[in-house]
Amino acid sequence: MIAVRILIDVLVVIGLYFALAGTLGILKMPDTMCRMQASTCIPTLGVLCVAIGGILYAACFLHSADNAVKIAVVALMILFTNPIGSHVIAKGAYKADRRGEKKIRLNPDDYGRDFNE
Amino acid sequence: MQKTRLSAVLATFILCMVVWVLITWSFTVQELAAGVLVSIATALFSSRFFVHGDSYRFFNPAKIFSLLGYSVTFFVELVKANLDMAKRVYGGCKAVNPGIVKVPTEMKSDYGLALLSDSITLTPGTITMDVAEEDGKNFLYVHWIDVTAESGEQAGEAIKGALEKGTRRVFD
Amino acid sequence: MIELLICAIFFALMALSLVFRIAKGPTPADRMVAGDACDNLLCCAMILFSMYTGRGIYLNIALVGAFLGIIDTMLVGRYLEGSL
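Residue numbers (the numbering used here), protein chains in the order written: chain A, 124 to 240; chain B, 599 to 770; chain C, 1440 to 1523.
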């Protein structure tokens, strides 16, 4: 039992590390697209490690299959729906950026070359 | 817009029922009857958007095992990309060189393109922005945080080298 | 199991620090990215707090947050793209 507790604590701390990486990335990256790239750390390894730790805790200490299955549904839902929203926001941010005055500097810009307005 | 087919309604109904049972997790008769009614209504409205092509694709055990194998491959790529992004953030944010590259891909079907571009978006460091088709080949426009490749083929090898093999094994 | 509560408080503090980016962010896309990340962090905090108290009622809040978080993101994204 003590080994399972240590495993749960290690998983939660790993999740905390990657969530802190995503948060600091959002706060201090230079432009919009880079902030979006850094924020992808939070729903992947941050949520996933915390959810695995929670499933182990609910199965080994609380003995409730209900809570374990519900945590798994939350984690899978975040993991499946996050790329769709991220893709839509990235496309919208690019279009809104090209309409503005001060543009983001992109080193190769194949998308703007093929679809310039 | 395509017509509503019985097989597509059945596949969507099974998925909705599985999600209902997982969320409520109670096996009394009243709850299951309410779940069946809600699932049939949802499947009748949404199956024509949800299923294109063969409806019984995932009733095949070989496809399910290849999907499990693909998830292992994807998890390894995810951990590597996450460590890279964490090093980039904690190291002071100096080493960013963003750009949008155009990457050729071999995938043909809609589901394969959706799975591949979602996997690329979910790894930190790359975001798929658009899919375009030019004379029979499909191209992905990918925003990449550190552009190190010269041409599109090298960029494709660096971004989706291991992912595309697994994706082709699941779909196509 | 006091460490679960401490980690939940850390997740909530990170979500609180993202309010700075929501208030300052130069473009609407910045605000939306920070709000989405805030939603995911609060889901994590809800999972840990529910495991600390041992009651499943907090998991339902996390479930609703995870299901509805996608809709506002897609709405704002479509509006920025100009196709709404």
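A virtual CB, placed ideally from N, CA and C, is assigned to each residue, including glycine.
Option nearest residue i by Cα separation, candidates the options
i	options	result
E224 (chain A)	C:A1447, C:T1466, C:L1457, C:M1440	C:T1466
D189 (chain A)	B:E675, B:F673, B:V674, B:T622	B:T622
L139 (chain A)	C:R1460, C:F1506, C:V1515, C:L1487	C:L1487
T781 (chain B)	B:E762, B:L676, B:K601	Since the first residue shown for chain B is 599 and the last is 770, residue 781 (chain B) is missing from the structure and cannot be characterised.
D232 (chain A)	B:F673, B:S637, B:M727	B:M727
V1458 (chain C)	C:C1446, C:L1502, C:D1478, C:N1499	C:D1478
F611 (chain B)	B:Y709, B:V636, B:V694	B:V636
V196 (chain A)	C:L1498, C:R1517, C:T1512	C:L1498
M615 (chain B)	B:Q600, B:G723, B:I638	B:I638
Y688 (chain B)	A:I131, A:K151, A:V136	A:K151
F769 (chain B)	B:G723, B:K763, B:G710, B:E762	B:G710
L1452 (chain C)	C:L1480, C:V1515, C:M1490, C:E1520	C:L1480
E731 (chain B)	B:D708, B:R646, B:S664, B:L613	B:D708
K601 (chain B)	B:L642, B:S664, B:S624	B:L642
L713 (chain B)	B:W742, B:K758, B:G697, B:T746	B:K758
A191 (chain A)	A:L179, A:L199, A:L202, A:M200	A:L179
R221 (chain A)	A:M159, A:F238, A:N205, A:I201	A:F238
S1522 (chain C)	A:M159, A:A219, A:V170, A:I149	A:A219
G764 (chain B)	B:K678, B:D744, B:F673, B:F647	B:F673
I1441 (chain C)	C:I1510, C:Y1518, C:Y1491	C:Y1491
L229 (chain A)	B:T703, B:E755, B:H741	B:H741
V701 (chain B)	B:V694, B:G690, B:I725	B:I725
S1456 (chain C)	C:I1509, C:A1476, C:I1445	C:A1476
V649 (chain B)	B:L613, B:A679, B:W618	B:L613
A606 (chain B)	B:T640, B:K661, B:R766, B:V745	B:T640
I125 (chain A)	A:I194, A:T204, A:I201, A:F184	A:F184
I1496 (chain C)	A:G176, A:H186, A:L171, A:I194	A:I194
D744 (chain B)	B:V694, B:M705, B:R766, B:T703	B:V694
R1517 (chain C)	A:V127, A:R128, A:A174, A:G208	A:G208
G169 (chain A)	A:G235, A:L199, A:A182, A:Y234	A:L199
D652 (chain B)	B:A609, B:I698, B:S664	B:A609
F1449 (chain C)	A:V173, A:M159, A:R128	A:V173
Collapsed DSSP secondary structure at residue i in the structure displayed
i	result
I638 (chain B)	helix
M152 (chain A)	coil
T746 (chain B)	coil
V135 (chain A)	helix
M1440 (chain C)	coil
V768 (chain B)	helix
V729 (chain B)	strand
T719 (chain B)	helix
T724 (chain B)	strand
M1485 (chain C)	helix
Q600 (chain B)	coil
T1492 (chain C)	helix
I227 (chain A)	coil
T811 (chain B)	With chain B covering only 599 through 770, there is no way to say anything about residue 811 (chain B).
L1523 (chain C)	coil
T146 (chain A)	helix
T163 (chain A)	coil
Endpoints, alpha helix (DSSP H) assigned at residue i
i	result
K735 (chain B)	Note, K735 (chain B): premise wrong, no alpha helix (DSSP H); beta strand (DSSP E) at 735-742.
D1511 (chain C)	1496-1520
D220 (chain A)	188-222
M615 (chain B)	604-622
D652 (chain B)	Premise fails: D652 (chain B) is in no alpha helix (DSSP H) and is neither H nor E.
R236 (chain A)	233-237
I175 (chain A)	170-180
Any non-hydrogen atom of the ligand MN closer than 7 Å to residue i Cβ
i	result
S605 (chain B)	Summarising the ligand content, the structure contains no ligands, and the ligand MN is consequently not present.
Q. Contact between the segment 650-660 of chain B and the segment 138-151 of chain A: three or more CB pairs below 8 Å?
A. Result no; under three Cβ-Cβ pairs closer than 8 Å.
Q) Quick one: any contact between the segment 151-164 of chain A and the segment 676-689 of chain B, if contact means 3 or more CB pairs under 8 Å? A) They touch, by the three-pair rule.
Q. Are there three or more Cβ pairs, one per stretch, closer than 8 Å when the segment 625-638 of chain B is compared with the segment 733-747 of chain B?
A. Fewer than three Cβ pairs drawn from the segment 625-638 of chain B and the segment 733-747 of chain B lie within less than 8 Å of each other, which leaves the two stretches out of contact.
Q. Are the segment 668-677 of chain B and the segment 713-721 of chain B touching by the rule of at least three beta carbon pairs closer than 8 Å?
A. As far as the Cβ criterion goes, the segment 668-677 of chain B touches the segment 713-721 of chain B, which means the pair count is three or higher.
Q) Any contact of the segment 745-761 of chain B with the segment 1470-1482 of chain C, i.e. 3+ C-beta pairs under 8 Å? A) With contact defined as three or more Cβ pairs closer than 8 Å, the segment 745-761 of chain B and the segment 1470-1482 of chain C are not in contact.
Q: Indicate whether the contact test is met: 3 or more Cβ pairs, each with one atom in the segment 148-156 of chain A and one in the segment 210-225 of chain A, closer than 8 Å.
A: In short, these stretches touch, since the Cβ pair count reaches three.
Q | Residue ranges of each alpha helix (DSSP H) within the segment 1454-1478 of chain C, 4 or longer | A | Correct list: 1458-1463.
Q) Where in the segment 680-709 of chain B do unbroken runs of the beta strand (DSSP E), each at least 3 residues long, occur, reported from the N-terminal end onward? A) The segment 680-709 of chain B contains these whole beta strand (DSSP E) runs: 697-703.
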